[in-house]
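A short worksheet on the structure shown next.
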Amino acid sequence: MAASVNYKVPPVCTEQKLYSRWIDEIKAWKALTDLDKKKMGIAIALSLPEEGLNSIPDKIRSLDLWTKFKKIDELSEAYEAYSEFDRFRRSKVSSMEEHVTEFEKLYNKTKKFKMELPQPVLAFKLLEYSELEMKDRQLVLTAVNYDQVESLFKQMATSLKKFFGQQATKDMGDRIRVESACMADEEVNYSRNRFGRGRGFRGK
Numbered sequence: 001m002a003a004s005v006n007y008k009v010p011p012v013c014t015e016q017k018l019y020s021r022w023i024d025e026i027k028a029w030k031a032l033t034d035l036d037k038k039k040m041g042i043a044i045a046l047s048l049p050e051e052g053l054n055s056i057p058d059k060i061r062s063l064d065l066w067t068k069f070k071k072i073d074e075l076s077e078a079y080e081a082y083s084e085f086d087r088f089r090r091s092k093v094s095s096m097e098e099h100v101t102e103f104e105k106l107y108n109k110t111k112k113f114k115m116e117l118p119q120p121v122l123a124f125k126l127l128e129y130s131e132l133e134m135k136d137r138q139l140v141l142t143a144v145n146y147d148q149v150e151s152l153f154k155q156m157a158t159s160l161k162k163f164f165g166q167q168a169t170k171d172m173g174d175r176i177r178v179e180s181a182c183m184a185d186e187e188v189n190y191s192r193n194r195f196g197r198g199r200g201f202r203g204k
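Dropping the structure here:
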């Protein structure tokens with residue numbers, strides 16, 4: 001026979017448990033418990049570790065703390081979204097196209113929490129996070145028109161892919177093959193002309 005579960009008691013927050021995990025458990029408990037909503041905040045406060053409980057003023061214990069925990073959870077999600085975006089850097093195995101796509105995805109997550117950046121800041125972060133050397137960054141900037149501030153991010157993304165994207169790599173490889181072929185032809189022609197002149201000299 002399965003053990004009965006007391007849904008009147010909220011999940012306990014411990015040092016070993018991730019905060020996000022505890023919040024998920026609290027949400028599930030809130031959906032299952034038949035405890036009066038006005039008493040949920042008090043129950044959650046009483047379930048906190050002693051040091052956490054002592055830090056809660058008496059006047060707050062009598063309120064519905066669920067709203068306050070929800071705001072803390074949203075603030076935590078906003079911080080995690082910002083931190084993930086701010087720590088992001090292009091890996092050595094990522095193409096420039098992948099870098100731009102991932103950058104946009106992480107930035108869009110921060111926008112959900114009203115953290116929009118000005119176009120110049122966003123564009124320069126995209127360039128900085130690309131992990132290019134300074135000379136390569138300067139090359140990228142040559143294709144960006146700072147007078148068109150409203151489209152700086154789009155310009156920067158286009159310029160990065162133009163000079164260091166997969167198409168740029170393919171074009172560079174094609175140029176190298178063409179140059180190598182030309183050099184090989186020149187060496188053959190040089191050798192023919194050299195030995196040709198030599199045989200002519202000996203025949204005189």
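If you use UniProt numbering, the sequence shown corresponds to residues 1 to 204, in order.
Don't be surprised by glycine CBs; every beta carbon is placed ideally from N, CA and C.
Helix, strand or coil for residue i? Go by DSSP, reduced to three states.
{"i": "residue 116", "result": "coil"}
{"i": "residue 130", "result": "coil"}
{"i": "residue 121", "result": "helix"}
{"i": "residue 148", "result": "coil"}
{"i": "residue 7", "result": "coil"}
{"i": "residue 41", "result": "helix"}
{"i": "residue 20", "result": "helix"}
{"i": "residue 110", "result": "helix"}
{"i": "residue 90", "result": "coil"}
{"i": "residue 47", "result": "helix"}
{"i": "residue 136", "result": "helix"}
{"i": "residue 158", "result": "helix"}
{"i": "residue 76", "result": "helix"}
{"i": "residue 32", "result": "helix"}
Less than 7 Å between C-beta atoms, sequence neighbours within five positions excluded: which residues of the same chain meet that for residue i?
{"i": "residue 229", "result": "Any question about residue 229 goes unanswered here, given that the chain covers just 1 to 204."}
{"i": "residue 166", "result": "95 and 97"}
Enumerate in chain order the residues of its own chain whose CB-to-CB distance from residue i is below 6 Å, with the five nearest sequence positions on each side excluded.
{"i": "residue 7", "result": "32 and 33"}
{"i": "residue 139", "result": "163"}
{"i": "residue 123", "result": "152, 153 and 156"}
Near residue i, what residues of its chain come up, given a Cβ to Cβ distance below 8 Å and the 5 sequence neighbours on each side ignored?
{"i": "residue 150", "result": "119"}
{"i": "residue 29", "result": "7, 10 and 11"}
{"i": "residue 84", "result": "106 and 109"}
Using 7 Å as the cut-off, classify the Cβ of residue i as near or not near the heavy atoms of the ligand NAP, replying yes or no.
{"i": "residue 79", "result": "Questions concerning the ligand NAP fall outside what the structure shown contains, since it holds no ligand whatsoever."}
Taking one C-beta from the stretch 115 to 132 and one from the stretch 90 to 104 each time, how about it: are there three or more such pairs within less than 8 Å?
-> yes
Should the stretch 103 to 116 be called in touch with the stretch 72 to 83, which here means at least 3 C-beta pairs below 8 Å?
-> yes
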